[in-house]
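In our numbering, the protein residues as written are 518 to 826.
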């Protein structure tokens, strides 16, 4: 995710468009529609057919309003998914900290093995969730894995779910043997349930994209609108209709690609949520509560994103 200060360097922010991956995609399409508009103008002007083109521009104004409504809905839906993902990861930070604080109060500092168990598994739940929402969990991303753990995880299809099971198994065992009283058990069980709720909510966002028919229809609508637009403008603007068509297409396509960019917020695009960095923060907080930051060893490098916006 790009961190910036709003309204601090307005022109500087605009200058980044030159290196924008999204801008590259838009530029290709805009140049293509520009060439198409140029050919339309050349043919109609040179053949003196402009006088026979009598398209009512008010129709295109009405279609533009309808298209704008579709684009607003598309962008709002995509942003809602992005913001919902951010809220879920914010809740994950809070619940992991709460879980660690409960463990800290229930198990004395001399129980280092138990405290390390929870610190390791809570952290690994977050790391596994990061990768699960991308291309699948990579065991190399998890921390303090023994050979037995690695062999066990390699047989599992849903590693975050299995780690959550391991966490609760230890909580239930502590309740059975008297390490955790009834009140604390109820409280920590609620925190564990919250972790699973967040997992399910993130999976819902990941696995339920914008309906395909809606996305395709919008692309067809934008393309048809842009292809017909030169015929509506040429009678009034002649060759000046070429840059007008290009600019209008740039605006419409840019909004559509913006929605595509943010509708899946868990990847490695630069506008996606920094879930890997959030997981690092959770790990640092958890170990600080249950052990010591020095036990973390070398700090991980923050993630690099695949594309510039």
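A virtual CB, placed ideally from N, CA and C, is assigned to each residue, including glycine.
Collapsing the DSSP output to three states places residue 621 in a helix.
A Cβ-Cβ contact shorter than 9 Å links residue 727 with residue 776. Here residue 762 is near residue 746, since their CB atoms are less than 9 Å apart. By the CB criterion at 9 Å, residue 617 and residue 635 fall inside the cutoff. In this structure, the CA atom of residue 570 is about 25 Å from the CA atom of residue 767. Around the beta carbon of residue 664, a 10 Å sphere encloses fewer than 16 other beta carbons of the protein chains shown; the residue is thus reported as exposed. Straight through space, the alpha carbons of residue 564 and residue 787 are spaced by roughly 48 Å. By the neighbour-count criterion, in which a residue is buried when 16 or more other Cβ atoms sit within 10 angstroms of its Cβ, residue 676 is buried. Rounded to whole angstroms, residue 542 and residue 772 show a C-alpha spacing of 12 Å. Listed in chain order, the non-local C-beta contacts of residue 749 below 7 Å within the same chain comprise 572, 574 and 577, local neighbours out to five positions each way being set aside. In this structure residue 638 touches residue 680 by the C-beta definition: roughly 6 Å separates them, less than 8 Å.
Only buried fits residue 800, as 16 or more other CB atoms lie within 10 angstroms of its CB. The beta carbon of residue 640 lies closer than 8 Å to those of 660, 796, 799, 800, 803 and 804 in the same chain, with the five residues before and after it left out.
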